[in-house]
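In my numbering, the protein residues as written are 1 to 77.
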(Lines of atoms letter the chains of each structure in order from A and count residues from 1; the text may use other names and numbers.)
(Lines give C-alpha, C1' and ligand atoms only; values in the text may rest on other atoms or scores of the structure.)
Protein backbone atom coordinates (compact mmCIF):
# COMPACT_ATOMS: atom_id res chain seq x y z
CA UNK A 1 0.00 0.00 0.00
CA UNK A 2 2.75 2.45 0.94
CA UNK A 3 5.37 0.99 -1.43
CA UNK A 4 5.71 4.27 -3.36
CA UNK A 5 6.08 6.51 -0.31
CA UNK A 6 9.02 4.91 1.49
CA UNK A 7 10.31 5.41 5.00
CA UNK A 8 11.37 9.06 4.63
CA UNK A 9 7.94 9.96 3.26
CA UNK A 10 6.15 8.30 6.16
CA UNK A 11 8.40 10.10 8.66
CA UNK A 12 7.67 13.39 6.90
CA UNK A 13 3.92 12.72 7.05
CA UNK A 14 4.08 11.96 10.79
CA UNK A 15 6.04 15.15 11.49
CA UNK A 16 3.63 17.17 9.34
CA UNK A 17 0.63 15.69 11.18
CA UNK A 18 2.21 16.51 14.55
CA UNK A 19 2.82 20.10 13.46
CA UNK A 20 -0.68 20.58 12.04
CA UNK A 21 -2.79 18.89 14.71
CA UNK A 22 -0.59 18.65 17.78
CA UNK A 23 0.01 15.57 19.92
CA UNK A 24 -3.26 15.95 21.85
CA UNK A 25 -5.51 15.89 18.77
CA UNK A 26 -3.85 12.99 16.92
CA UNK A 27 -5.51 10.14 18.89
CA UNK A 28 -8.91 11.77 18.45
CA UNK A 29 -8.27 12.24 14.74
CA UNK A 30 -7.13 8.62 14.39
CA UNK A 31 -10.32 7.37 16.08
CA UNK A 32 -12.46 9.48 13.77
CA UNK A 33 -10.67 8.17 10.68
CA UNK A 34 -10.96 4.57 11.92
CA UNK A 35 -14.68 5.01 12.64
CA UNK A 36 -15.20 6.45 9.15
CA UNK A 37 -13.41 3.54 7.49
CA UNK A 38 -15.38 1.02 9.56
CA UNK A 39 -18.72 2.60 8.60
CA UNK A 40 -17.66 2.69 4.95
CA UNK A 41 -16.72 -0.99 4.97
CA UNK A 42 -20.01 -1.94 6.66
CA UNK A 43 -21.96 0.05 4.08
CA UNK A 44 -20.03 -1.56 1.24
CA UNK A 45 -20.72 -5.02 2.69
CA UNK A 46 -24.43 -4.19 2.97
CA UNK A 47 -24.54 -3.02 -0.64
CA UNK A 48 -22.61 -6.06 -1.84
CA UNK A 49 -24.89 -8.35 0.19
CA UNK A 50 -27.99 -6.70 -1.26
CA UNK A 51 -26.71 -7.10 -4.82
CA UNK A 52 -25.73 -10.74 -4.21
CA UNK A 53 -29.20 -11.61 -2.93
CA UNK A 54 -30.82 -9.74 -5.82
CA UNK A 55 -28.69 -11.70 -8.30
CA UNK A 56 -29.81 -14.98 -6.74
CA UNK A 57 -33.44 -13.97 -6.97
CA UNK A 58 -33.89 -13.97 -3.23
CA UNK A 59 -35.80 -11.32 -1.43
CA UNK A 60 -33.83 -9.66 1.35
CA UNK A 61 -35.07 -10.36 4.84
CA UNK A 62 -36.55 -7.16 6.28
CA UNK A 63 -34.96 -6.09 9.52
CA UNK A 64 -37.11 -5.25 12.49
CA UNK A 65 -37.11 -1.53 13.16
CA UNK A 66 -37.41 -0.60 16.78
CA UNK A 67 -38.14 2.88 17.98
CA UNK A 68 -38.03 4.54 21.33
CA UNK A 69 -41.27 6.39 20.63
CA UNK A 70 -44.33 5.53 22.73
CA UNK A 71 -47.06 3.58 21.02
CA UNK A 72 -49.72 6.20 21.78
CA UNK A 73 -48.86 9.11 19.50
CA UNK A 74 -51.73 11.43 20.38
CA UNK A 75 -50.92 14.97 21.40
CA UNK A 76 -51.38 15.79 25.08
CA UNK A 77 -54.54 17.67 25.89
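Even for Gly, the Cβ is constructed at its ideal location relative to N, Cα and C.
Residue 24 to residue 39, Cα distance in whole Å?
24 Å
Pull up the CB-CB distance for residue 26 and residue 32, whole angstroms please, since I reckon it's below 8 Å.
Their Cβ separation, rounded to whole angstroms, is 11 Å, which puts residue 26 and residue 32 out of contact at 8 Å.
Look up residue 5 in the DSSP assignment and say whether it is helix, strand or coil.
coil
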